[in-house]
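Chemist: Below is a structure I'd like to ask you about.
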Amino acid sequence: MRRPVVAALLLGALAAEAQVSEEAVLHAVPLETTVRGEVDWKARQLEGVLDEPKAALPAFLSRRGVRVDATGRWKLENLVAPPPKDKPVARHRNASWVIDFDQASFTPAWKTAVDELGPKPTAAALTAFAGRYLSRKSYDRGLDLASQVATRREGDCTEHAVFLTALLRKAGIPARAMIGLVLVAFPDRVRSYGHMWVEAFVEGRWQVFDAALGTAPAAWLPAGELSDEGPGYALGLAGLLNTLAVRSLELR
Amino acid sequence: MRILLGGVVGLFLVACATTQSAGPAPAAPPKESAPPPAPVVKEKTPEERKAELMAAFARESTPQAEQTFSVGEQRVTVESATPVAPKRNEGSSVQVELGLGASQPVTCFVYERGLDVGTLATRMAKSLTGDTSLSSVRVSDITVVEKSPATFLELGYLAGKPGAQVLGQLKLMFYSSDESPLMCLHDEPGYVQSFKRITSTFAAAMARALTSPEVKYDWRSVSVMRVKGAPIGFERTAWMTRSDGDRVSMSVTAMLVPRSATEFLSTDGVTVTKFAKKDGRVIEKTEVSLNGGELERKLTLTRTKKGYHYEGTAQGKELAGDLVPTDAKGLLSDLLVAQKAKALTAAKPSFTYEEYSPGANPAALTKTVVTRDASVPRGVIIEAGPMKMNTVLDEAGMPQRLTLNAGPVVMELDRVFSEGKVE
């Protein structure tokens, strides 16, 4: 009915995600607050209270089995989620419209990675490489394809994630781009951001690899996987972003 | 950007299509213009400096005398503290300087062809290099001037070496119009409302002078997109009837979505749809979109015996294929969708249709469901996949106001101008 609606919606949603590095976080736009909570990093717990006791928990908490009591209090007892039990399938290994490591324009980046890391790079080494290779950390791209990222060498968390996913698959490591919230610990507070990162199947389990975040203490709360990597990925992305429909977490 | 696909979709439309349509990058980047005031003077106390800065940023000028000048064959009268002597630049723009009653004049570029608001805004922000760095970005207003949208952007910047920096403010106005696309800038702190006044009256005068009485619109509109009340973009739409009776609708969009204190994501888009006089079905549709001034998608959908064929590029890749709509009569135009939406009742509360929306999927038709929302007068809910838009229709069934929920972001689109009839 209204063509710009699609683009507007997605771009607006993407405006809420952020590449989370210490520097970037300083001027990233945090989500609005409707859920307040407290992080205990030692106990790896996250607990809080809803502004409205009967309000629904955001999907990234409810899918972790979190329940709300009559007063609106809730508790996530294992902040670091157990690895998902699903096994890699073909799409986690193959090139796609978004994760297009089969494009010629991706090859120079891959050659650079192999030159630096050797012919069998590890997931951790590729993660560090991706963070370095994207030399311009910027927020002025929407969601570029991996081949575009390889050429432009810039972007935010979405570009870091699709590029790293492509590198991992090219290296023969099953990988997928994940969307959700990330909690980042700063000396005086914890902040939450909409975020995209990577899960790679390493040592028999899915593990988080995040080229955008660096080494800051963090916890990843996934809303889901970018499973539609075809030309219509935007609708799938919009669906995942909708599940983040918490105006955000305010954490201590 | 204005896409005018002349020989393809309409007699009135002039060919064009890419970022080049905006013409050459405008002259006068901030660092080349005379230095702005508000220097940081070491002898003063921080409080005094702050007061001085605040005064500089708050100042305005009174309306200036009127000046009359010629642009081509047209006589134009606008306010200016100094005589106006337009000069033609190499390329396709006319440069006009208007006296604002400040140290620096307002410089305007009037283009022969359409301008891409997002692209120009990106270029201006990126022109701040070397000893000049961007410190803030703000879309201060998007309003309608003489039937077309005017976008006002403020770029704060720091110029000079560390320790001797001055604070600057570049104000920009982009006028997205078929008749008189133009951009104005003023590089001096303050005069925000004065700049808005003088550039708005200039744009209106140019639009009136350059509008051809031979171009007739069936319907035209301007809508403004906002997030949390802050303007982030616009859509302007025009419907026309070709000499053969078929219809053409053209939609131009631009968005400047803030991503950080100094960065924004810019997009420009044009969609031209030709639909049949006899049944209102889509005959042809072309969409071009830019991201940060670079081509993102350029796709054309054409009618075939079995359905439609699409062809073009999306995110740097070639795409082509055939699409067979569920409705063998063809895809609905916006006119038919409006008529169906208007006709919804309690007994028949919804309908489903397919549309070719490359932003959602450039290689498939997107299924869209429109459902009557009885809780709101003329309310409907439009759903495309996971996206849901609460919408208020006008009397003709066209969206008057849309509210879009995308995770944590709520975006609103309000129509702020329309004329003509949807029929």
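Line order of the protein sequences matches chains A and B.
According to the working numbering, the first sequence holds residues 1 to 252 in order.
According to the working numbering, the second sequence holds residues 1001 to 1423 in order.
Quick reminder that beta carbons are idealized off the backbone N, C-alpha and C, glycines included.
All values reported here derive from a predicted model rather than from experimental measurement.
Could you spell out where the alpha helix (DSSP H) holding His-160 of chain A opens and where it closes?
Modeler: Looking at the DSSP string, the run of the alpha helix (DSSP H) that includes His-160 of chain A is 157-170.
Chemist: Cβ closer than 8 angstroms: which chain B residues qualify as neighbours of Ser-138 of chain A?
Modeler: Those within 8 angstroms of Ser-138 of chain A in chain B are Glu-1263.
Chemist: Answer with yes or no whether the minimum CB distance from Ala-1058 of chain B to chain A is below 8 angstroms.
Modeler: Taking Cβ atoms only, chain A never reaches closer than 8 angstroms to Ala-1058 of chain B, which makes this a no.
Chemist: Are any of the Cβ atoms in chain B nearer than 8 angstroms to that of Pro-222 of chain A?
Modeler: Closer than 8 angstroms: no.
Chemist: List the residues of chain B that Ala-234 of chain A touches, going by C-beta distances under 8 angstroms, in chain order.
Modeler: Ordered by position in chain B, the residues that pass the 8 angstroms Cβ test against Ala-234 of chain A are Gly-1359, Ala-1360, Asn-1361.
Chemist: Going by DSSP in three states, Gln-1064 of chain B sits in which element: helix, strand or coil?
Modeler: Note: Gln-1064 of chain B maps to coil in three-state DSSP.
Chemist: Between which two residues does the beta strand (DSSP E) harbouring Thr-1352 of chain B extend?
Modeler: 1350-1355 is the span of the beta strand (DSSP E), which, as asked, contains Thr-1352 of chain B.
Chemist: If we define contact as Cβ-Cβ less than 8 angstroms, is Leu-145 of chain A a contact residue for chain B?
Modeler: Closer than 8 angstroms: yes.
Chemist: Give the DSSP-derived three-state secondary structure of Ala-95 of chain A in the structure shown.
Modeler: Reduced to three states, the DSSP call for Ala-95 of chain A is coil.
Chemist: Under 8 angstroms, do Ala-1384 of chain B and Pro-231 of chain A count as touching if we go by C-beta distance?
Modeler: No, the Cβ-Cβ distance between Ala-1384 of chain B and Pro-231 of chain A is not below 8 angstroms.
Chemist: Assuming Leu-126 of chain A and Ala-113 of chain A form a contact by the criterion Cβ under 8 angstroms, report the distance between their Cβ atoms to the nearest whole angstrom.
Modeler: Rounded, the Cβ-Cβ distance is 7 angstroms, consistent with contact.
Chemist: What are the partner residues of Lys-1274 of chain B, as DSSP defines its beta bridges?
Modeler: Answer by DSSP bridge pairing, in chain order: B:Val-1248, B:Glu-1284.
Chemist: Counting only beta-carbon atoms, is Gly-214 of chain A nearer than 8 angstroms to chain B?
Modeler: So, not an interface residue.
Chemist: Got a sec: which bits of the stretch 114-131 of chain A sit with their beta carbon under 7 angstroms from any beta carbon on chain B, in order along the chain?
Modeler: Listed by position, the residues of the stretch 114-131 of chain A near chain B (Cβ gap below 7 angstroms) amount to none.
Chemist: Let's see if you can read the secondary structure: which residues bound the beta strand (DSSP E) around Thr-1302 of chain B?
Modeler: From DSSP, the beta strand (DSSP E) with Thr-1302 of chain B extends over 1294-1303.
Chemist: For Lys-1126 of chain B, does the three-state DSSP call read helix, strand or coil?
Modeler: Correct three-state label for Lys-1126 of chain B: helix.
Chemist: Could you tell me the distance, in whole angstroms, from the CA atom of Arg-1247 of chain B to the CA atom of Lys-1196 of chain B?
Modeler: Roughly 36 angstroms separates the two Cα atoms.
Chemist: Residues of chain B with CB closer than 8 angstroms to the CB of Arg-141 of chain A, please, in chain order.
Modeler: Ordered by position in chain B, the residues that pass the 8 angstroms Cβ test against Arg-141 of chain A are Leu-1265, Asn-1291, Gly-1292.
Chemist: Could you run through the stretch 1127-1154 of chain B and flag, in chain order, every residue whose CB is less than 7 angstroms away from some CB of chain A?
Modeler: Taking 7 angstroms as the Cβ-Cβ cut-off against chain A, none of the residues of the stretch 1127-1154 of chain B qualify.
Chemist: Below 8 angstroms, how does it come out for the stretch 82-97 of chain A and the stretch 132-144 of chain A: are there three or more Cβ pairs, yes or no?
Modeler: The stretch 82-97 of chain A is not in contact with the stretch 132-144 of chain A.
Chemist: What's the call for Met-1398 of chain B, buried or exposed, on a 16-neighbour Cβ count within 10 Å?
Modeler: So Met-1398 of chain B counts as buried.
Chemist: Under a CB-based cut-off of 8 angstroms, is Pro-231 of chain A close to chain B?
Modeler: Yes - at least one Cβ of chain B is within 8 angstroms of the one on Pro-231 of chain A.
Chemist: Using the rule of at least 16 other Cβ atoms within 10 Å of the residue's Cβ for burial, across every protein chain shown, is Lys-120 of chain A buried or exposed?
Modeler: So Lys-120 of chain A ends up on the exposed side.
Chemist: For the stretch 1321-1351 of chain B, which segments carrying the beta strand (DSSP E) assignment without a break, of at least 3 residues, lie completely within its bounds, in sequence order?
Modeler: Runs found: none.
Chemist: Only counting the same chain, and skipping five residues up and downstream in sequence, which positions put a Cβ closer than 8 angstroms to that of Ala-1028 of chain B?
Modeler: Unreliable positioning characterises Ala-1028 of chain B in this predicted model, as indicated by a pLDDT of 40, which lies under 50. The coordinate reading is nonetheless provided below. Result list for Ala-1028 of chain B: Thr-1107, Leu-1185, Asp-1187, in chain order.
Chemist: Check for me: the beta strand (DSSP E) holding Tyr-133 of chain A runs from which residue to which?
Modeler: Run containing Tyr-133 of chain A: none in the beta strand (DSSP E); it sits in the alpha helix (DSSP H), 123-133.
Chemist: Near Thr-165 of chain A, what residues of its chain come up, given a Cβ to Cβ distance below 6 angstroms and the 5 sequence neighbours on each side ignored?
Modeler: Once the five neighbours on either side are set aside, the close Cβ partners of Thr-165 of chain A are Ile-99, Ala-175, Ala-177, Val-198.
Chemist: Taking the alpha carbon of Val-1166 of chain B as the point to measure from, which residue in B:Lys-1388, B:Arg-1049, B:Leu-1335 has its own alpha carbon closest?
Modeler: Checked all of B:Lys-1388, B:Arg-1049, B:Leu-1335; the closest Cα to Val-1166 of chain B is B:Arg-1049.
Chemist: Excluding the 5 residues preceding and the 5 following Gln-1339 of chain B in the sequence, name in chain order all residues of the same chain whose CB lies nearer than 7 angstroms to its CB.
Modeler: Closer than 7 angstroms at Cβ, skipping near neighbours: Gly-1397.
Chemist: Just curious, the beta strand (DSSP E) that Ser-1410 of chain B is in, first and last residue?
Modeler: It should be noted that the sequence gives Val, not Ser, for residue 1410 of chain B. Per DSSP, Val-1410 of chain B belongs to the beta strand (DSSP E) from 1409-1420.
Chemist: Would Met-1250 of chain B count as contacting chain A if we go by Cβ distances under 8 angstroms?
Modeler: Chain A contact via Cβ: absent.
Chemist: Can you tell me the Cα-Cα spacing of Met-1001 of chain B and Thr-1129 of chain B, whole angstroms?
Modeler: Legend: pLDDT at Met-1001 of chain B = 25, less than 50; position of this residue unreliable, no value from coordinates given.
Chemist: What is the residue span of the beta strand (DSSP E) that Arg-176 of chain A lies within?
Modeler: That run of the beta strand (DSSP E) goes 175-185.
Chemist: Short check: CB of Tyr-1310 of chain B to CB of Thr-1300 of chain B, under 8 angstroms?
Modeler: Closer than 8 angstroms, so yes.
Chemist: Using a cut-off of 7 angstroms between C-beta atoms, extract the partners of Gly-1118 of chain B located in chain A.
Modeler: Residues of chain A passing the Cβ test: none, with the nearest at roughly 10 angstroms.
Chemist: Leaving aside the five residues before and after Thr-1062 of chain B along the sequence, list all residues of the same chain whose C-beta is less than 7 angstroms from its C-beta, in chain order.
Modeler: Cβ within range, chain order: Gly-1101.
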